[in-house]
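Under this note's numbering, think of the first position of the sequence shown as 316, with each following residue one higher. Cβ atoms here follow ideal geometry from the backbone N, Cα and C, with glycine treated the same way. Keep in mind that this is a model prediction, so the values were computed, not measured.
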Amino acid sequence: MSEIWVVDDDASVRFVLASALRDADFEVREFDHGDAALEAFDVARPPALLFTDMRMPGRDGMAVLEELRRQLPSLPVVLMSAYTDLQATVGAFRGGAFEFLSKPFDLDDAVGIAQRATAVRAASPPSSTAAPPAGGRPSPELIGESPAMRELFRVLGRIAPTALDVLIVGETGTGKELVARALHRHSARSQGPFLALNTAAIPAELLESELFGHEAGAFTGAARRSAGRFEQAAGGTLFLDEIGDMPASMQTRLLRVLAGGEYYRVGGRELLRADVRIVAATHQDLETRVREGAFRADLLHRLDVVRLTVPPLRERREDVALLAREFLAHAARELKVACKRFSPAAEAALARHDWPGNVRELENLCRRLAVLAPGDEVLPGDLPRWLPSVEPRPTQDNAVPSGAAESDNWPLHLRRWATDALRAGHPPLYADARVLFDQTLLDAALEVTGGHRQKAAQRLGLGRNTLTRKLGTSRRKRE
316 MSEIWVVDDD ASVRFVLASA LRDADFEVRE FDHGDAALEA FDVARPPALL
366 FTDMRMPGRD GMAVLEELRR QLPSLPVVLM SAYTDLQATV GAFRGGAFEF
416 LSKPFDLDDA VGIAQRATAV RAASPPSSTA APPAGGRPSP ELIGESPAMR
466 ELFRVLGRIA PTALDVLIVG ETGTGKELVA RALHRHSARS QGPFLALNTA
516 AIPAELLESE LFGHEAGAFT GAARRSAGRF EQAAGGTLFL DEIGDMPASM
566 QTRLLRVLAG GEYYRVGGRE LLRADVRIVA ATHQDLETRV REGAFRADLL
616 HRLDVVRLTV PPLRERREDV ALLAREFLAH AARELKVACK RFSPAAEAAL
666 ARHDWPGNVR ELENLCRRLA VLAPGDEVLP GDLPRWLPSV EPRPTQDNAV
716 PSGAAESDNW PLHLRRWATD ALRAGHPPLY ADARVLFDQT LLDAALEVTG
766 GHRQKAAQRL GLGRNTLTRK LGTSRRKRE
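Shown next, in the form of structure tokens:
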């Protein structure tokens, strides 16, 4: 029977994960800090797999990973963290982690990783010798704490150090170029150039020269030799945006370069070698474009080595306030105006909007508010009228409209309740309010799903084990 080690200073995480692994017929040994695990480690009798938290007293998870990689490179190590960003995931995979789990994670996922890791019994050491990422931390615009963004960070962290070509898909304004820049910044080519080209913005007759360059006299107006983007991006990354709108003739030429790795300048005879990593992006459904005959199937297969999907903002509403604060602060610095903040009611209104223009639309609104909002705090009244209002819209008799308007207005009711309780000298309010909030959501989800916990967890965006733990906590509080 395979033995798995679980290293975490949080006793509840150790208990829940160890119990799930034991239920799956694994032997489990638990440690409350990294130093204890390293002291017990014996190369002659190693565990089959090790789960470790990233942030712990003493030697943290990265230090444990580094030491174990030195002693036994074949040992699979899974890093866990509640602080998930691109920097953390890139560091984990570059350090040789087998997998990265964002807390809170689903126990079924953890058990599945354990089964896969013990079956494979470790991959070989990573071949990448990537230089440290240029520019330090990821750009502030590429942020998020929603499950969708955590998954994007995880996949980015795994593929960024590799040489694989990547296809990024997502709606307009979701930040596809930011993802491409992050891939470059955390790759082995980070010291090379990053060049972006919008293939839909350049006339078809000029696109070939723009990509591959031209010789003097190749066409009217070509007075001298000019290097194309493939040549300029040598040693780095070439980002081809809106690839789905590329003319058919250029699709054929691009396919030849990607297949053979060689090309000629327009009008030239010198064979050049393409030394670039291709990252392409589109808002189009390329499979549909292929069926319509507007995009080559073989080019799609060549580009689609790894596909990254950037979620629209309406599918990551929990990130809206986080992004809005960042954009508002950045706009204040850039425009040299006084820094403002959003009121809770304004943030609630922003989160309820569907944002058809996605992150770009939100950023543009924040730039406008940084200049036009009159006070230090951005209130619902400062927001455009097309945003959902947090304040109730009064009818002729000053009544709050029934139905959706009342349900949409819950932050206002919560704020009034909290204000009254605080003025009345209620004891520390936060813990009780949080338990009540959790219990209300859990009861509603269980009612809607007929008491089915897995479906309730999915509706709430929680893991099943997280929901079970919250139910137990709320019951104990009531008792």
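Three-state secondary structure assigned by DSSP to residue i
i, result
"M395", "strand"
"R774", "helix"
"T367", "strand"
"I319", "strand"
"L332", "helix"
"V484", "strand"
"E460", "coil"
"F356", "coil"
"V379", "helix"
"S443", "Model confidence at S443 stands at a pLDDT of 35, short of 50, so the residue's coordinates are unreliable; what they give is reported in the following sentence. If DSSP states are grouped into helix, strand and coil, S443 belongs with coil."
"T597", "strand"
"L698", "coil"
"V343", "strand"
"R337", "helix"
"R374", "coil"
"R656", "strand"
"H767", "coil"
"H348", "coil"
Beta-carbon contacts of residue i that lie in its chain and below 7 angstroms, excluding the five residues immediately before and after
i, result
"A589", "F545, V572, G576, E577 and Y578"
"L601", "G559, F610 and L615"
"V574", "According to the sequence provided, residue 574 is Ala. The question's Val does not apply to it. If we look at A574 and ignore the five residues flanking it on each side, its Cβ neighbours are R617."
"R452", "Because the pLDDT at R452 is just 36, under 50, the model does not fix this residue reliably, and the value given afterwards should be weighed accordingly. Q402, listed in sequence order."
Alpha-carbon to alpha-carbon, residue j and residue i
i, j, result
"G561", "L570", "In the sequence on display, residue 561 carries Met and not Gly. Going from the Cα of M561 to the Cα of L570 covers about 12 angstroms."
"V393", "F642", "34 angstroms"
"E649", "R682", "9 angstroms"
"I428", "G551", "34 angstroms"
"D815", "D347", "Only positions 316 to 794 of the chain appear in this structure, which leaves residue 815 out of reach."
"A639", "E678", "7 angstroms"
"A475", "L512", "20 angstroms"
"G373", "A355", "15 angstroms"
"W320", "L364", "6 angstroms"
"L665", "V625", "20 angstroms"
"D480", "A407", "21 angstroms"
"R329", "R592", "41 angstroms"
"P627", "R344", "42 angstroms"
"L698", "V674", "17 angstroms"
"D424", "Q769", "14 angstroms"
"T487", "L761", "36 angstroms"
Close beta carbons around residue i, own chain, < 6 angstroms, minus the five adjacent residues each side
i, result
"Q599", "G559"
"S524", "V581"
"H529", "A537, S541, R580, V581 and G582"
"S658", "E692 and L694"
"E662", "A636"
"A397", "K418"
CB of residue i within 8 angstroms of CB of residue j, strictly
i, j, result
"L555", "V426", "no"
"R622", "L521", "no"
"D368", "V331", "no"
"T404", "R469", "yes"
"A771", "T764", "yes"
"A495", "A596", "yes"
"G459", "R631", "yes"
"E557", "T514", "yes"
"E381", "G410", "yes"
8 angstroms CB neighbourhood of residue i in its chain, flanking five on each side removed
i, result
"E585", "Y579"
"M371", "V322, D323, D324, H348 and G349"
"A653", "A647 and D691"
"L510", "R544, Q547, A548, G551, T552, L553 and F554"
"R539", "A531"
**Asked** What are the complete beta strand (DSSP E) segments, minimum 3 residues, inside the stretch 486-573?
**Response** Runs of the beta strand (DSSP E) lying entirely within the stretch 486-573 and spanning at least 3 residues, in chain order: 509-513 and 552-556.
**Prompt:** Which whole runs of the alpha helix (DSSP H) in the stretch 408-440 are 4 residues long or more, in chain order?
**Reply:** Contiguous alpha helix (DSSP H) elements confined to the stretch 408-440 occur at 422-435, taking only those with 4 or more residues.
**Item:** Inside the stretch 669-697 only - alpha helix (DSSP H) runs reaching at least 4 residues
**Value:** Runs of the alpha helix (DSSP H) inside the stretch 669-697: 673-687.
**Request:** Run through the stretch 576-623 for me and flag every whole alpha helix (DSSP H) of 4 or more residues, listed as ranges in chain order.
**Result:** Segments of the alpha helix (DSSP H) lying fully in the stretch 576-623: 601-606 and 612-618.
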